[in-house]
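Structure first, commentary second.
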Amino acid sequence: MSEENFAELLEESLVTIHNGEIVEGTVIGVKEDEIILNIGYKADGIITRSEYSNNPIDLTTAVSVGDTLQAKVLKVNDGEGQVALTYKRIAMEQSNKRLEEAFNNKEVLSAKVAQVLDGGLIVMIEESKIFIPASLVSDVFERDLSKYKDQDVEFVITEFNPKRRRIIGDRKQLLVAEKKKLMDELFAKIAPGM
Numbered sequence: 001m002s003e004e005n006f007a008e009l010l011e012e013s014l015v016t017i018h019n020g021e022i023v024e025g026t027v028i029g030v031k032e033d034e035i036i037l038n039i040g041y042k043a044d045g046i047i048t049r050s051e052y053s054n055n056p057i058d059l060t061t062a063v064s065v066g067d068t069l070q071a072k073v074l075k076v077n078d079g080e081g082q083v084a085l086t087y088k089r090i091a092m093e094q095s096n097k098r099l100e101e102a103f104n105n106k107e108v109l110s111a112k113v114a115q116v117l118d119g120g121l122i123v124m125i126e127e128s129k130i131f132i133p134a135s136l137v138s139d140v141f142e143r144d145l146s147k148y149k150d151q152d153v154e155f156v157i158t159e160f161n162p163k164r165r166r167i168i169g170d171r172k173q174l175l176v177a178e179k180k181k182l183m184d185e186l187f188a189k190i191a192p193g194m
């Protein structure tokens, strides 16, 4: 087989990819801060820690060599001859679908508070951030929300607009409904003249 034939066969066996395309590949290398993925292209794909997760995790604990991953192409050539990929954007899209379902069904969700801000709480579900304004955290006014840090809270999504990255949660209506239920039960037990 001549070199020309080999080069032609190699070129035919490799896929062509474009920015924004979702590709699947096998993990061929993992470092603390990057994943190397064989995507069947002439260059390997690279997923950096910041494109894998919003959390500062050690990637060697998250994936192993031989794992299969889906990723979205950010740049076909990142300047170093490799393909820049993102995993967290696919995870965020899948998470957004799940959150949209929960929004449409008025489903009660539970998540850990990731961040306490002056104006409310940030909770994370997979790679999507949900903001719970301070006015919707409790049924009574709370000036200091720091007690909620790292606590699991239940809430419903009252506004869902992923294009504007606006997902609003409401915990207050759950607390109000729970109190009303308890009051109704109490009044059902109390008879006139007791």
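Taking this note's numbering, the leading residue of the sequence shown gets 1, the next gets one more, and so forth.
Backbone N, C-alpha and C define an ideal beta-carbon position, used for all residues, glycine too.
Identify the residues that DSSP records as bridge partners of residue i: which are they?
i, result
"Q115", "I122"
"N38", "T26"
"L145", "Paired residues: none, contrary to the question."
"S138", "None; S138 has no bridge partner."
"L99", "Paired residue(s): none; L99 is not in a bridge."
"I168", "F131 and E159"
"G20", "None, per the DSSP bridge assignment."
"I46", "I36 and A84"
Have a look at the options and flag the residue whose alpha-carbon is nearest the alpha-carbon of residue i.
i, options, result
"A71", "S53, G119 and R98", "S53"
"K106", "G45, E159 and T26", "E159"
"L136", "S146, I168, K147 and Q115", "I168"
"G244", "D33, I39 and I17", "The structure shown does not extend to residue 244, since the chain spans only 1 to 194, so no value can be given for it."
"V65", "V30, D152 and R165", "V30"
"D33", "V113, V23 and T48", "T48"
"I46", "A191, P56 and I35", "I35"
"S207", "L74, I157 and A43", "This structure does not reach residue 207, given that the chain is present from 1 up to 194, and the question cannot be answered."
"K179", "D139, K42 and V123", "D139"
"D118", "Q94, I132 and E100", "I132"
"V76", "V23, A191 and A134", "V23"
"E127", "A102, M92, T61 and L99", "M92"
Under DSSP, the beta strand (DSSP E) around residue i begins and ends at which residues?
i, result
"N161", "D152 to N161"
"Q82", "Unbroken run through Q82: none, as it is neither H nor E."
"A71", "T68 to K75"
"K129", "S128 to P133"
Quick one: give me the first and last residue of the alpha helix (DSSP H) that residue i is part of.
i, result
"A177", "K172 to K189"
"S50", "R49 to Y52"
"A62", "L59 to A62"
Item checked: the stretch 183-190 in contact with the stretch 139-153 per 3-pair CB rule at 8 angstroms -> no
Margin query: Three or more C-beta pairs under 8 angstroms: does that hold for the stretch 75-83 against the stretch 103-120?
Written below: no
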